[in-house]
Amino acid sequence: MSDLQLQILKSVNEHDGIESTLEVPEFAKIDANTLHSNLTSLWAKEMINFKKIETDKWILTKEAEEFLGAGSHEMRLLEEVMKSLDGLKISDVNAKLGQVGKLGQGKAFKNGWIGKNDDKLVSKVDKLPEDTAVSQLKTIKETGTLDDKKELTELKKRKLVTLTKIVGFNVTKAAKFGLEIVTMETDITSDMITSGKWKDAQFKPYNFNSEGVYPHSGALHPLMKVKEEFRQIFFSMGFTEMPSNQYVETGFWNFDTLFVPQQHPARDLQDTFYLKDPVKAGKPDDMEYWENIRQVHEEGKFGSIGYRYPWREEESLRMVLRTHTTAISAAMLHKLAKDPKPTRLFSIDRVFRNEAVDATHLAEFHQVEGVMAGYDITLGDLIGFMEDFFAKMGVNGLRFKAAYNPYTEPSLEIFAYHKGLGKWVEIGNSGMFRPEMLEPMGLPKNLRVLGWGLSLERPTMIKYGVSNIRELVGHKVSLDFVETNPAARLDEDLV
Ligand code: PHE
Numbered sequence: 001m002s003d004l005q006l007q008i009l010k011s012v013n014e015h016d017g018i019e020s021t022l023e024v025p026e027f028a029k030i031d032a033n034t035l036h037s038n039l040t041s042l043w044a045k046e047m048i049n050f051k052k053i054e055t056d057k058w059i060l061t062k063e064a065e066e067f068l069g070a071g072s073h074e075m076r077l078l079e080e081v082m083k084s085l086d087g088l089k090i091s092d093v094n095a096k097l098g099q100v101g102k103l104g105q106g107k108a109f110k111n112g113w114i115g116k117n118d119d120k121l122v123s124k125v126d127k128l129p130e131d132t133a134v135s136q137l138k139t140i141k142e143t144g145t146l147d148d149k150k151e152l153t154e155l156k157k158r159k160l161v162t163l164t165k166i167v168g169f170n171v172t173k174a175a176k177f178g179l180e181i182v183t184m185e186t187d188i189t190s191d192m193i194t195s196g197k198w199k200d201a202q203f204k205p206y207n208f209n210s211e212g213v214y215p216h217s218g219a220l221h222p223l224m225k226v227k228e229e230f231r232q233i234f235f236s237m238g239f240t241e242m243p244s245n246q247y248v249e250t251g252f253w254n255f256d257t258l259f260v261p262q263q264h265p266a267r268d269l270q271d272t273f274y275l276k277d278p279v280k281a282g283k284p285d286d287m288e289y290w291e292n293i294r295q296v297h298e299e300g301k302f303g304s305i306g307y308r309y310p311w312r313e314e315e316s317l318r319m320v321l322r323t324h325t326t327a328i329s330a331a332m333l334h335k336l337a338k339d340p341k342p343t344r345l346f347s348i349d350r351v352f353r354n355e356a357v358d359a360t361h362l363a364e365f366h367q368v369e370g371v372m373a374g375y376d377i378t379l380g381d382l383i384g385f386m387e388d389f390f391a392k393m394g395v396n397g398l399r400f401k402a403a404y405n406p407y408t409e410p411s412l413e414i415f416a417y418h419k420g421l422g423k424w425v426e427i428g429n430s431g432m433f434r435p436e437m438l439e440p441m442g443l444p445k446n447l448r449v450l451g452w453g454l455s456l457e458r459p460t461m462i463k464y465g466v467s468n469i470r471e472l473v474g475h476k477v478s479l480d481f482v483e484t485n486p487a488a489r490l491d492e493d494l495v
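Everything in the sequence shown is counted per the UniProt record's numbering, starting at 1 for the first residue and increasing by one.
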């Protein structure tokens with residue numbers, strides 16, 4: 001038991017409680033936190049109960065403390081004026097008293113202590129009057145307040161006093177009050193049972209209000225939290241997750257199957273990362289499909305006139321870091337062609353683009369992608385479905401704008417109004433996959449497929465109020481940010 005605890009117990013014992021620790025000089029000088037922790041420890045032993053009491057108290061500023069020693073500014077000015085027998089030249093005030101003279105003048109005039117005679121200050125009193133400011137300050141220092149509220153306000157205006165809250169405690173006896181502290185057991189041990197010590201032991205009651213030690217554990221990165229929310233939305237709409245765990249694709253799956261011509265600017269080194277080693281992949285198993293892709297690009301097929309350029313195998317077999325997860329969607333649709341039926345698939349995973357890095361772009365990001373195959377579905381289904389999907393994230397009132405993707409026709413960019421930014425922002429890209437993409441796989445003509453994609457980073461940055469992507473991804477991310485941010489809820493307004 002600390003001395004302070006014993007002191008508290010003695011005081012409670014003598015006076016049958018402590019009305020307020022603020023009124024007991026020995027406790028009043030101890031800071032509130034120390035008192036609180038000592039009281040809490042006695043309270044936990046059921047020796048006392050206590051309540052916090054807060055009172056307002058006026059305290060002196062540093063300037064006011066100086067007044068107590070040297071006198072108020074007005075008094076010091078008056079003293080100086082009285083010293084100079086035929087008045088103090090106004091032009092000398094500054095040299096003699098500096099700042100004090102300037103600050104004291106108004107008050108000295110108001111008190112009727114001094115007057116003006118031409119260019120001089122003269123005394124209006126015969127002997128030094130009482131220094132009222134100082135005596136008021138003394139009262140405040142002792143009692144924490146002043147009865148004359150007008151004067152108190154005046155002192156406050158002069159920045160001589162400020163109001164603070166001080167905390168004290170009211171203490172009363174509790175069930176196990178005593179002057180000695182019995183150590184209470186927190187656990188019953190086998191020793192206590194065999195020795196019989198448990199019979200006389202006092203046990204500490206459980207404190208169900210205390211918070212346990214926070215267990216140190218892993219934490220989900222915000223991107224993963226938002227990813228999880230998207231997954232739940234997809235699952236709730238009957239989607240199945242695609243296996244997207246491969247970052248390297250061939251040009252064939254990343255571009256050719258998607259009817260992206262081999263001269264398309266997206267295939268440029270500037271936009272796409274190519275692998276050095278191995279530089280080339282083997283051909284796919286389905287050679288009929290491979291041949292169909294060549295023909296649809298080079299000569300045209302399935303009612304399309306194609307692009308009519310010499311399609312090169314080497315280009316198709318180059319290894320790339322996938323630029324979109326649509327490469328996975330293509331592979332999954334190719335599989336679906338073996339047993340065609342209405343299907344809903346999604347993936348949320350990393351893609352790579354060789355782009356200039358700035359506050360909102362890195363050379364990699366996560367794509368949220370969905371594809372939906374259905375018999376005779378139309379652009380109307382795409383629009384209706386997008387409205388349902390985004391409504392699940394709290395994004396309503398979409399607008400659509402015609403756009404271009406080599407693999408979809410028509411293609412639509414999706415816009416939503418961002419209240420914070422006060423403008424329409426693009427939130428996704430979508431379209432109906434072209435026959436040039438679907439028919440080489442062997443999918444029936446009337447099994448149409450729509451698809452859309454968006455980034456995971458953008459909604460995450462909006463959700464967590466992050467404006468620089470480097471605070472979200474990479475070595476500059478603060479672990480504290482990752483560990484303490486709350487779970488994401490996409491059903492509240494996002495934009
Ligand atoms: N692959 C597109 C992108 O990178 C997204 C998309 C997927 C568009 C499917 C249409 C259909 O933005």
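Note that CB positions come from ideal geometry on N, CA and C, so glycine has one too.
Beta-bridge pairing of residue 58 - partner residues as DSSP gives them:
In the DSSP output, where bridge partners are listed per residue, residue 58 has 163.
Which residues share a DSSP beta bridge with residue 109?
DSSP lists no partner for residue 109.
Could you check where the beta strand (DSSP E) with residue 343 kicks off and where it finishes?
Residue 343: member of the beta strand (DSSP E) spanning 343-352, first to last residue.
Taking 7 Å as the line, does the beta carbon of residue 452 fall inside it for any heavy atom of the ligand PHE?
Judged by the Cβ position, residue 452 qualifies as a neighbour of the ligand PHE at the 7 Å threshold, a heavy atom of the ligand being closer than this.
Can you name the start and end residues of the alpha helix (DSSP H) that residue 44 belongs to?
According to the DSSP assignment, residue 44 belongs to the alpha helix (DSSP H) that extends over 32-44.
Can you pull the DSSP bridge partners for residue 123?
Residue pairing by DSSP places residue 123 opposite 114 in a beta bridge.
Residue 344 versus residue 370: straight-line alpha-carbon distance, rounded
Rounded to the nearest angstrom, the gap between the Cα atoms of residue 344 and residue 370 is 7 Å.
Pick from 76, 44, 351, 461 that is closest to residue 509, judged by C-alpha positions:
Shown here, the chain extends from 1 to 495; a query on residue 509 therefore has no answer.
Following a CB-centred definition, is residue 409 positioned closer than 7 Å to any heavy atom of the ligand PHE?
With a threshold of 7 Å, the Cβ atom of residue 409 does not count as near the ligand PHE, since no heavy atom of the ligand is closer than that.
Can residue 221 be considered in contact with the ligand PHE, in the sense that its beta carbon sits closer than 7 Å to one or more heavy atoms?
Every heavy atom of the ligand PHE is 7 Å or more from the Cβ of residue 221, so no.
For residue 252, which residues in the same chain have their Cβ closer than 6 Å to its Cβ, ignoring the five residues on either side in sequence?
316.
Determine the direct distance from the alpha carbon of residue 174 to that of residue 207, and round the result to whole angstroms.
Counting only the Cα atoms, residue 174 lies some 16 Å from residue 207.
Which of helix, strand or coil does DSSP assign to residue 424?
When secondary structure is reduced to three states using DSSP, residue 424 falls in the strand class.
Residue(s) in a DSSP beta bridge with residue 364:
Paired residues: 352.
Quick one: Cα of residue 144 to Cα of residue 60, how far?
About 9 Å.
Length of the line joining the Cα atoms of residue 417 and residue 399:
Distance between the alpha carbons of residue 417 and residue 399 is about 9 Å.
Whole angstroms are fine: how far does the CA of residue 100 sit from the CA of residue 87?
The alpha-carbon of residue 87 is positioned some 17 Å away from that of residue 100.
On the premise that residue 372 lies in contact with residue 248, defined as a C-beta separation below 8 Å, what is that separation, rounded to the nearest angstrom?
Residue 248 to residue 372, Cβ: 27 Å. No contact.
Hey, would you say the C-beta of residue 498 is under 7 Å away from at least one heavy atom of the ligand PHE?
This structure gives no information on residue 498, because the portion of the chain shown stretches from 1 to 495.
Distance check for residue 63 and residue 153, CA to CA, integer angstroms please.
Straight through space, the alpha carbons of residue 63 and residue 153 are spaced by roughly 16 Å.
State yes or no: is the C-beta of residue 436 within less than 8 Å of the C-beta of residue 302?
Between residue 436 and residue 302, the CB-CB gap stays under 8 Å.
Comparing C-alpha positions only, which one of 333, 428, 321 sits nearest to residue 363?
Among 333, 428, 321, the Cα nearest to that of residue 363 belongs to 321.
Would you say the beta carbon of residue 426 comes nearer than 7 Å to a heavy atom of the ligand PHE?
Not under cutoff, so the answer is no.
Go ahead and label residue 479 buried or exposed: buried means 16 or more other beta carbons lie within 10 angstroms of its beta carbon, across all protein chains shown.
Exposed, since its Cβ has fewer than 16 Cβ neighbours within 10 Å.
Looking only at DSSP bridge pairs, what is residue 203 linked to?
Beta-bridge pairing by DSSP links residue 203 to 185.
Residues bridged to residue 408 [DSSP beta-bridge criterion]:
Paired residue(s): 405, 433.
Look up residue 155 in the DSSP assignment and say whether it is helix, strand or coil.
In the three-state DSSP reduction, residue 155 falls in the helix class (H, G or I).
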